[in-house]
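**Q**
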Amino acid sequence: MPTAPSDPDSDPDVRLAMTTRAETFERLRERLAPHGIAVDHVRPDERVLRVADGDEPETAADADAETEFDGFDAGWVYPSRLMEGAVVDARLGVPWVNGRDAVLASRNKAGALATLADAGLPVPETRLVSNPADEEAVLAAADEIGYPLVVKPNSATRGVGIAKAADPDSLLGVTDYLDLVHDYRATGDKSYLLQEFLPAATDYRVMVLDAVYAGAVERRLPESALAEGRWKHNVHRGAVAEGVDLGEEPRRLAERAAEALGIPLLGVDLLESDGRLVVSETNARPTIDSAEKYREGFDADLAALIRRTARQ
């Protein structure tokens, strides 16, 4: 069942459903309570969801299952597991700050990059491989990009499955592994990207709210990790995210990316290498970081977005 509102004394007038209990949940509960918004959890996965029942509830547990989705005004972000999400969405019956279309548009890395490129925004040189694909075609695409290059799943998050290939042999080693995974497991999206490698890149995650810059962090690897040859600036793999004050060019680039994709709350990943600035990825399920990493008034503006969503 949903947890109790974070601060009953704040007399919340909007109730927001979140389908994650990660760090963003606790941060939002605390920071939105003064703005009259209660944040409660709805569990979408690793459970049994009641889909339809022809009879009236007969037990207390049945009654709880019937009412756990009641009383919400808006949802935070559409659940990442789309099958379960469809049931939760139907049960809640509320609009989402970032709905299903926004989540799908951002999750599809190739589709998002194609949209941004068509809008005239700088992105890394990229090819989408729809697996299985002819080996010679994959090698030819890699030659066009040049080595070393990055191989990454089209739909994964948190840096999962990203590899660097230094030559044709190492590339074919990665693609052989992908062939095995795609042959013997129901993976869903079997596509992957070949993407240019940007050496010694500075990695920024920029938050954009209603197409306006809201703050940014720079993700850095510790010196010890760099000495070991590691290169992926992923917080879940040991990188540190420090708040930074970006200049006008990267701010505007992130805003243009959010405008092009039409997503209200978007994390935009920028890479800066050798004087070149590109959008590498976007995230419609962004983590909300500590308050000092955002511009003044961010929480109030976020609360306003949630209220506007609830009125839809």
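If you're matching positions, the sequence shown starts at 1 in the UniProt record's numbering and goes up one per residue.
Using N, Cα and C, we set each Cβ at its ideal position, and we do this for glycine too.
Which stretch, first to last residue, makes up the beta strand (DSSP E) that contains G75?
**A** 74–77
**Q** Tell me the DSSP secondary structure of Y147 in three-state form.
**A** coil
**Q** Tell me the residue span of the beta strand (DSSP E) that contains V88.
**A** Element bounds for V88: not the beta strand (DSSP E) but the alpha helix (DSSP H), 82–92.
**Q** Within the same chain, show all residues whose beta-carbon is closer than 6 Å to that of E272, passing over the 5 residues directly before and after it, in chain order.
**A** Take E272, set aside five residues on each side of it, and the residues of its chain with a beta-carbon closer than 6 Å to its own are T202, in chain order.
**Q** Quick check on S191: does DSSP put it in helix, strand or coil?
**A** strand
**Q** Once the 5 residues before and after S6 are set aside, which same chain residues still bring their CB inside 7 Å of it?
**A** Because S6 carries a pLDDT of 42, less than 50, the predicted location of this residue cannot be relied on, and no value is offered for it.
**Q** For P95, which residues of its own chain have a beta-carbon under 8 Å away from its beta-carbon, when the five flanking residues on both sides are left out?
**A** A74, G75, T309, A310, Q312
**Q** For A117, which residues in the same chain have their Cβ closer than 8 Å to its Cβ, ignoring the five residues on either side in sequence?
**A** Result list for A117: V123, in chain order.
**Q** Could you tell me which residues DSSP pairs with V48 in its beta bridges?
**A** Answer by DSSP bridge pairing: none, since V48 is not bridged.
**Q** For the 8 Å Cβ check, are there 3 or more pairs between the stretch 238–255 and the stretch 211–229?
**A** yes
**Q** Just the Cα atoms here: how many angstroms apart are P8 and R15?
**A** Residue placement at P8 is poorly supported in this model, since its pLDDT is 42, which falls under 50; the coordinates still yield a value, given next. Near 12 Å, if we compare the C-alpha coordinates of R15 and P8.
**Q** Determine, using beta carbons only, whether N154 and L172 come nearer to each other than 9 Å.
**A** no
**Q** So who's on the other strand from P286, going by DSSP bridges?
**A** Its beta-bridge partners do not exist; DSSP assigns none.
**Q** Could you check the C-alpha separation between S106 and G146 for me, to the nearest Å?
**A** 26 Å
**Q** Confirm, please, whether the CB-CB distance from A239 to residue 343 is below 9 Å.
**A** It is not possible to answer for residue 343, since the shown part of the chain is limited to 1 through 312.
**Q** Please look up how many angstroms separate the CB atoms of A142 and L149, rounded, as I've assumed it's under 8 Å.
**A** Yes, they are in contact, since the Cβ atoms of A142 and L149 sit about 6 Å apart, within 8 Å.
**Q** With a cut-off of 8 Å on the beta carbons, I'd call N131 and L265 a contact; round off their distance for me.
**A** In fact, because the Cβ distance is near 32 Å, the residues do not count as touching under 8 Å.
**Q** Excluding sequence positions up to five away, which residues of its chain have a Cβ less than 6 Å from the Cβ of L49?
**A** V87
**Q** May I ask which residues mark the beginning and end of the beta strand (DSSP E) holding T20?
**A** Per DSSP, T20 belongs to no beta strand (DSSP E) and is neither H nor E.
**Q** Measuring straight from C-alpha to C-alpha, what distance separates R47 and R237?
**A** 28 Å
**Q** State the Cα-Cα distance for the pair V279 and A52, rounded to the nearest angstrom.
**A** Going by the C-alpha atoms only, they are around 44 Å apart.
**Q** What number of angstroms, rounded off, separates the C-alpha of D13 from the C-alpha of S191?
**A** 44 Å
**Q** Which complete beta strand (DSSP E) runs does the stretch 155–240 hold, if anything under 3 residues is left out?
**A** Restricted to the stretch 155–240, the beta strand (DSSP E) segments that are unbroken, complete and at least 3 residues in length are 163–165, 191–196, 202–209, 212–220, listed in chain order.
**Q** Rounded C-beta distance between L277 and P250? I'm assuming under 8 Å.
**A** 6 Å
**Q** Compare the Cα-Cα distances from R205 to each of P199, S224, A227, G267 and report the closest residue.
**A** G267
**Q** So the candidates are L178, L261, A22, M83; which of them puts its Cα closest to the Cα of L113?
**A** Restricting attention to L178, L261, A22, M83, the CA atom closest to the CA of L113 is found in L261.
**Q** Pop quiz: A133 and V151 are said to be a contact at Cβ under 8 Å. What is the actual Cβ separation, rounded to whole angstroms?
**A** That belief does not hold up - the Cβ atoms of A133 and V151 are roughly 13 Å apart, past 8 Å.
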